[in-house]
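A.B. asks: Quick one: structure below, then a few questions.
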Amino acid sequence: MNSIPGNPDLSFDLEKIRADFPILSRKVHNKPLVYFDNAATTQKPQVVIDTLVEYYSGMNSNVHRGVHYLSVEATSAFEGAREKVRAFVNASSTEEIIFTRGCTEAINLIANSWGGDNINSGDEILISAIEHHSNLVPWQMLCEVRHAKLIVCPVLADGSIDLEVLAGLMSSKTRLLAITHISNTLGTINPVKEITKLAHEKGIVVLIDGAQAMSHLKVNVRDIGCDFYTFSAHKVYGPMGIGGLYGKKDILTAMRPYQGGGEMIKNVTFEKTTFNDLPYKFEAGTPNVSGALGFGAALDYISRIGLDRISAWENELLRYATERFSADPLIKIIGNAPQKSSLISFLIGNIHPYDAGTIIDQFGIAVRTGTHCTQPLMNSLGIPGTIRASFAFYNTKEEIDRLMEAIVKVEELFL
Ligand code: PMP
0 MNSIPGNPDL
10 SFDLEKIRAD
20 FPILSRKVHN
30 KPLVYFDNAA
40 TTQKPQVVID
50 TLVEYYSGMN
60 SNVHRGVHYL
70 SVEATSAFEG
80 AREKVRAFVN
90 ASSTEEIIFT
100 RGCTEAINLI
110 ANSWGGDNIN
120 SGDEILISAI
130 EHHSNLVPWQ
140 MLCEVRHAKL
150 IVCPVLADGS
160 IDLEVLAGLM
170 SSKTRLLAIT
180 HISNTLGTIN
190 PVKEITKLAH
200 EKGIVVLIDG
210 AQAMSHLKVN
220 VRDIGCDFYT
230 FSAHKVYGPM
240 GIGGLYGKKD
250 ILTAMRPYQG
260 GGEMIKNVTF
270 EKTTFNDLPY
280 KFEAGTPNVS
290 GALGFGAALD
300 YISRIGLDRI
310 SAWENELLRY
320 ATERFSADPL
330 IKIIGNAPQK
340 SSLISFLIGN
350 IHPYDAGTII
360 DQFGIAVRTG
370 THCTQPLMNS
380 LGIPGTIRAS
390 FAFYNTKEEI
400 DRLMEAIVKV
410 EELFL
């Protein structure tokens, strides 16, 4: 059992959980793998892998097309997965859940479809300085085409956002606020409900990039009140190549389709096409059915464990790692927001992150090194990048100890 100080009710059988993830028993460089790159992608439990295999070995068929048995079965499983996503984020209806290739495609869908109709010359789109390129570049591209302006809210030295500064940047020209729920680079958890309220008071549409949040904390889109919320299954223990977006029904209804093709139509003549109802209007072509089923299995899996248990252990891992890192005067932690998710970005003395990462890898430890798709943030911090250790609920304190041993080795070699 893991131990949650002050809250034993939230503990769980860590060894049993680890056994659910086949890759965790793998060796790398002849050492047991320590996987600390969970912010890039999470590992998959056996139930998710089984779901993919079972789909292709027993159910494979196209959805929403045929009356034959397999197609009906696959359609029902696919729509069942949509319902799981709806329930997980607490959307009102499955009409508000659109499957995409992932968070990036979800944001591009909104930029193209909503943005194309609602952003005009002179308008402003507001983002923060800690956005992932996925929640920056699509808006930059849109601004260029529509002659609009991208406004960037700076962050405080600890990586958090000053809400007064953010509110001060919301002008009568601001049409959209696109902001991350959790920073993949600094771990900052933004107060998205409060932020949404501030924006809505000024009539600004709000998109929350939830790529990093769904696996760590309970997401409730109705409570947040946002207009759009985007996510990727592979960051939530599900397969790659599937994710999606939540959008409020009235906004989605008013939006034009993103792509044309099969599935998104009601009636087609050479002269004119009428579009399908929600959510299919935004899902042109054959969807990633196996991925959706795997996504549903992943959400079931973490729901069985419970997000309260998951976040309690991840917070304990963060506390432990922060304590151990802080005891080493050569380590500089980048990002100390009071509300922080279970990742630590850091530098060791003046050692380049790539050099450090290469040595750490020799210990069988997977950490991410580089700019983490937040190049402007790194530029503003005046650093070439960071080393990032991002923890999931299957990680252990012993693994953090092993990372510390590797860091000491890096220091011996380079300093
Ligand atoms: N936003 C954030 C905060 C992310 O961390 C990521 C993935 N690193 C994305 C968006 C993009 O997600 P994906 O690559 O799965 O589309």
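Counting with numbering that gives the first Met the number 0, you get residues 0 to 414 for the letters of the sequence shown.
Where a beta carbon is used, it is the ideal one built from N, C-alpha and C, also for glycine.
Less than 7 Å between the CB of alanine 365 and some heavy atom of the ligand PMP, yes or no?
C.D. replies: No - the ligand PMP has no heavy atom lying nearer than 7 Å to the Cβ of alanine 365.
A.B. asks: In angstroms, rounded to a whole number, what distance separates the CA positions of isoleucine 160 and valine 71?
C.D. replies: Computed Cα separation, rounded: 48 Å.
A.B. asks: By DSSP, does serine 231 sit in helix, in strand, or in coil?
C.D. replies: DSSP places serine 231 in strand when its eight states are reduced to three.
A.B. asks: Less than 7 Å between the CB of cysteine 372 and some heavy atom of the ligand PMP, yes or no?
C.D. replies: Checking every heavy atom of the ligand PMP against the Cβ of cysteine 372, one is found closer than 7 Å.
A.B. asks: If isoleucine 96 sits next to alanine 90, beta carbons under 8 Å apart, how far is it from one beta carbon to the other, in whole angstroms?
C.D. replies: Correct: roughly 6 Å between the Cβ atoms.
A.B. asks: According to DSSP, glycine 246 sits in a beta bridge with which residue or residues?
C.D. replies: Paired residues: Phe227.
A.B. asks: Let me know the secondary structure DSSP gives alanine 76 once reduced to three states.
C.D. replies: Looking at alanine 76 - three-state DSSP - the assignment turns out to be helix.
A.B. asks: The ligand PMP heavy atoms versus the CB of histidine 131: any closer than 7 Å?
C.D. replies: Flag set: Cβ of histidine 131 near the ligand PMP.
A.B. asks: Where are the beta strand (DSSP E) runs, 3 residues long or more, that stay fully inside the segment 284-371, in chain order?
C.D. replies: Here the runs fully enclosed are 330-333, 342-347, 367-369.
A.B. asks: Measuring from the CB of asparagine 107, is there a heavy atom of the ligand PMP at a distance below 7 Å?
C.D. replies: No; taking the cut-off as 7 Å, the Cβ of asparagine 107 has no heavy atom of the ligand PMP nearer than that.
A.B. asks: Cβ of asparagine 287 versus every heavy atom of the ligand HEM: is any distance shorter than 7 Å?
C.D. replies: Inclusion of the ligand HEM in the displayed structure is not the case, the ligand content consisting of the ligand PMP alone.
A.B. asks: Could you tell me which of Val204, Ser214, Thr41, Ala232 sits nearest to aspartate 226, measuring between CA atoms?
C.D. replies: Looking at the Cα atoms, Val204 is the closest of the given residues.
A.B. asks: Checking 8 Å against the spacing of the C-beta atoms, do leucine 77 and valine 218 come in under that value?
C.D. replies: For the sequence presented, residue 77 should be read as phenylalanine rather than leucine. No, they are not a contact pair.
A.B. asks: How about threonine 368: is its Cβ closer than 7 Å to a heavy atom in the ligand PMP?
C.D. replies: Threonine 368: no, Cβ never under 7 Å from the ligand PMP.
A.B. asks: Return yes when the Cβ of asparagine 189 is within less than 8 Å of the Cβ of threonine 179, no when it is not.
C.D. replies: Contact flag set, yes.
A.B. asks: Given valine 47, which residues of its chain have a CB within under 8 Å of its CB, disregarding the five upstream and five downstream residues?
C.D. replies: Closer than 8 Å at Cβ, skipping near neighbours: Tyr236, Gly237, Pro238, Gly293, Ala296, Ala297, Tyr300.
A.B. asks: Does the structure place the segment 133-153 close enough to the segment 317-335 that three or more beta carbon pairs sit under 8 Å?
C.D. replies: No, they do not touch.
A.B. asks: Mapping the DSSP letters down to three states, classify tyrosine 34 as helix, strand or coil.
C.D. replies: Three-state result, tyrosine 34: strand.
A.B. asks: Assign glutamate 262 to one of three DSSP states: helix, strand, or coil.
C.D. replies: Coil.
A.B. asks: Less than 8 Å between the CB atoms is what I'm expecting for valine 113 and isoleucine 264, so what's the real figure, rounded?
C.D. replies: According to the sequence provided, residue 113 is tryptophan. The question's valine does not apply to it. The Cβ separation is near 20 Å, so there is no contact.
A.B. asks: Are threonine 229 and alanine 105 closer than 8 Å when you measure CB to CB?
C.D. replies: Yes, the Cβ-Cβ distance between threonine 229 and alanine 105 is below 8 Å.
A.B. asks: Alpha carbon to alpha carbon, what distance is there between asparagine 61 and serine 344?
C.D. replies: Rounded to the nearest angstrom, the two C-alpha atoms are 43 Å apart.
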